[in-house]
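**Student:** Residue numbering for the sequence shown follows my numbering, starting at 0 and increasing by one per position. Shown below is the structure under consideration.
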Amino acid sequence: DAQESRGLGDVYKRQPFSPTDRASSEFSTRETAEWARQILASIGDTPIPPALALCALSREPLTAAAQRTRGAYYTDWRLAEALAQESVPRAGNSGLWIDPACGTGALLVAAAQTAPKGSERDAIIADRLTGADLSLNALRGARLAVASLTRDLGAVESFKARLLQQDSLLSEEVWNALA
0 DAQESRGLGD
10 VYKRQPFSPT
20 DRASSEFSTR
30 ETAEWARQIL
40 ASIGDTPIPP
50 ALALCALSRE
60 PLTAAAQRTR
70 GAYYTDWRLA
80 EALAQESVPR
90 AGNSGLWIDP
100 ACGTGALLVA
110 AAQTAPKGSE
120 RDAIIADRLT
130 GADLSLNALR
140 GARLAVASLT
150 RDLGAVESFK
160 ARLLQQDSLL
170 SEEVWNALA
């Protein structure tokens, strides 16, 4: 979407340094904090909720051919929010909320955001959100985005244990074990 791309593109324009110029271990805490501050300011200038912006920013840059080969199609944040508003009330209060091809976690984030901030949302993150994807990098993005919704590190660790790097179409035994 043009508005999403334009808003998030500003994030890259405001960077005080290029993260590819140096190894990440070479950044001082102050540089990292300044970079994070500028990214958050840029996200704040868009209509995109911050956790969903992190999903978009975590996407691997793929050519159209690579996208087709890998089947890596990401969900727009507006669609993720609409699906969550429609489906979460129907899901009820028991069982897992599973996205078998979660990518960077837009559907999981949108689902978690339907709960009020605090202990209720933390419990959903800790006990219910579950995702799988072939891409380890996409799963890292999902973990980052979901982690931005809570201050409870235990909830993030529990969620991390339910992020599965696998081909969901070929993993019947894993899904049966989770059920």
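The beta carbon of each residue, even a glycine, is placed where N, CA and C say it ideally should be. In this text the structure is predicted, and so the values were computed from the model without any measurement.
(1) Kindly indicate which three-state DSSP category I47 falls into: helix, strand or coil?
(2) Measuring CB to CB, does W96 end up less than 8 Å from T149?
(3) Just to confirm the assignment: which complete alpha helix (DSSP H) runs, minimum length 4, are found wholly within the stretch 37-118?
(4) Is any heavy atom of the ligand MN found at a distance shorter than 7 Å from the C-beta of I47?
(5) Should A35 and E80 be called a contact, given that it needs their Cβ atoms to be closer than 8 Å?
(6) Does the separation of the CB atoms of L133 and D98 fall below 8 Å?
(7) Compare the Cα-Cα distances from N92 to each of R67, R127, R58 and E85 and report the closest residue.
(8) Alpha carbon to alpha carbon, what distance is there between A176 and L179?
(9) What did DSSP end up calling L163 once you bin it into helix, strand or coil?
(10) Beta-carbon separation of L107 and A141 under 8 Å?
(11) Helix, strand or coil for D132 per DSSP?
(12) Between A40 and I47, how many whole angstroms is the CB-CB distance? I'm expecting something under 8 Å.
(13) How long is the line joining the alpha carbons of A105 and T74, rounded to whole angstroms?
(14) Measure the C-alpha to C-alpha separation of E30 and D44 and round it to an integer number of angstroms.
(15) Take G94 and list the residues in its own chain whose beta-carbon comes closer than 8 Å to its own, dropping the five residues that flank it on each side.
(16) Given G102, which residues of its chain have a CB within under 6 Å of its CB, disregarding the five upstream and five downstream residues?
(17) Give me the Cα-Cα distance between P88 and V155, rounded to the nearest whole angstrom.
**Tutor:** Taking the structure as given:
(1) In the structure shown, I47 falls within a coil segment according to DSSP collapsed to helix, strand and coil.
(2) Not closer than 8 Å, so no.
(3) Fully enclosed alpha helix (DSSP H) runs of 4 or longer: 49-56, 63-69, 76-90 and 105-112.
(4) Of the ligands one can find in the structure shown there are none, so the ligand MN has no counterpart to examine.
(5) Between A35 and E80, the C-beta spacing is not below 8 Å.
(6) No. Outside cutoff.
(7) For the residues R67, R127, R58 and E85, the minimum Cα distance to N92 belongs to R127.
(8) Absent from the structure is residue 179, since the part of the chain shown begins at 0 and ends at 178.
(9) L163: strand per DSSP, three-state reduction.
(10) In this structure, L107 sits near A141, with a CB-CB distance shorter than 8 Å.
(11) Residue state, collapsed to three classes: strand.
(12) In this structure A40 does not touch I47 by the C-beta definition: roughly 13 Å separates them, more than the 8 Å allowed.
(13) For A105 and T74, the distance between alpha carbons rounds to 6 Å.
(14) Cα to Cα, E30 sits roughly 21 Å from D44.
(15) Here the set comprises R127.
(16) Y73, D132 and A137, listed in sequence order.
(17) The straight-line gap from Cα to Cα measures roughly 23 Å.
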